[in-house]
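Just so we're aligned, residue 52 is where the sequence shown starts under this note's numbering, counting upward by one. Just below is one structure, and these are the notes that go with it.
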Amino acid sequence: MTETRTGGCMCGAVRFEAKGDPFDVTHCHCHSCRKHNGAAVVTLAGYKAGQVAFGGTGRKFHNSSPGVRRAFCGDCGTPLTWEGDGGELGPIVELHISAFDEPDTLRPTAHAFDVERISWMEVADDLPRYEGFPGVGAPLRHGPAGS
Ligand SMILES: [Zn+2]
Ligand SMILES: [Zn+2]
52 MTETRTGGCM CGAVRFEAKG DPFDVTHCHC HSCRKHNGAA VVTLAGYKAG
102 QVAFGGTGRK FHNSSPGVRR AFCGDCGTPL TWEGDGGELG PIVELHISAF
152 DEPDTLRPTA HAFDVERISW MEVADDLPRY EGFPGVGAPL RHGPAGS
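The following block contains the structure:
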């Protein structure tokens with residue numbers, strides 16, 4: 052059975068369904084994700100675009116870099132996605148973890164863009180830390196910088 056997860060923005064104007072499992076779940080420390088969310092670190096679940104369906108008409112977009120757009124609710128402002136080219140995966144949609152109704156069902160497997168991390172922002176797990184995207188090159192280390 053294929054699991055379908057649901058979610059949406061804070062006001063409910065935007066809802067989504069994500070079918071099947073994400074190809075990864077990542078803590079992203081990059082400047083752009085942090086800026087878009089106003090957060091110290093942003094956790095994203097990555098899906099092929101065809102796995103994700105949006106309902107409602109409230110979605111708006113900000114083109115944050117060439118080929119990349121970030122969606123948010125035009126009514127309540129909730130940041131929702133990173134959307135762009137996933138290379139061999141094709142178009143991908145990365146959904147912000149706390150936009151899901153049940154984020155506990157999704158567990159992170161890596162940290163991305165550790166070199167852009169706010170210096171005091173450490174997560175006490177043993178997951179691999181990458182300089183950029185997870186799986187591109189060897190991890191910088193496993194676990195917090197101070198360990
Ligand atoms: Zn909303
Ligand atoms: Zn990022």
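Every residue gets a Cβ at the ideal spot worked out from N, C-alpha and C, and that includes glycine. Only a predicted model underlies this, so the values are computations on that prediction, with no experimental measurement involved.
query                                                                                                                                                                                      : result
From V144 to F123, what does the alpha carbon distance come to, in whole angstroms?                                                                                                        : 13 Å
When the Cβ atoms of the segment 168-177 are set against those of the segment 187-195, are three or more pairs found closer than 8 Å?                                                      : yes
I need the DSSP call for I169, collapsed to helix, strand or coil.                                                                                                                         : coil
What residues match up with F151 in a beta bridge as DSSP calls it?                                                                                                                        : G58
Considering only the beta carbon of each residue, do P130 and R121 sit closer than 9 Å?                                                                                                    : yes
Please go through the same chain and pick out, in chain order, the residues whose beta-carbon is closer than 6 Å to the beta-carbon of C81, but skip the five residues on each side of it. : F164, E167
What residue does the beta strand (DSSP E) around R110 start on, and which one ends it?                                                                                                    : 110-116
Counting along the chain, where does the alpha helix (DSSP H) carrying R85 start and finish?                                                                                               : 82-88
In this structure, does DSSP put L140 in helix, strand or coil?                                                                                                                            : helix
One question on the structure: do P185 and A150 come within less than 9 Å of each other, judged by their Cβ atoms?                                                                         : no
Any idea if C60 is buried or exposed, counting beta-carbon neighbours within 10 angstroms, 16 or more meaning buried?                                                                      : buried
So the candidates are A91, T77, A90, G106; which of them puts its Cα closest to the Cα of A69?                                                                                             : G106
Looking at the secondary structure, which residues open and close the beta strand (DSSP E) in which L95 lies?                                                                              : 93-99
Can we count S83 as close to ligand 2, meaning its CB is less than 8 Å from some heavy atom?                                                                                               : yes
Compute the Euclidean distance between the alpha carbons of C62 and N114, then round it to the nearest angstrom.                                                                           : 23 Å
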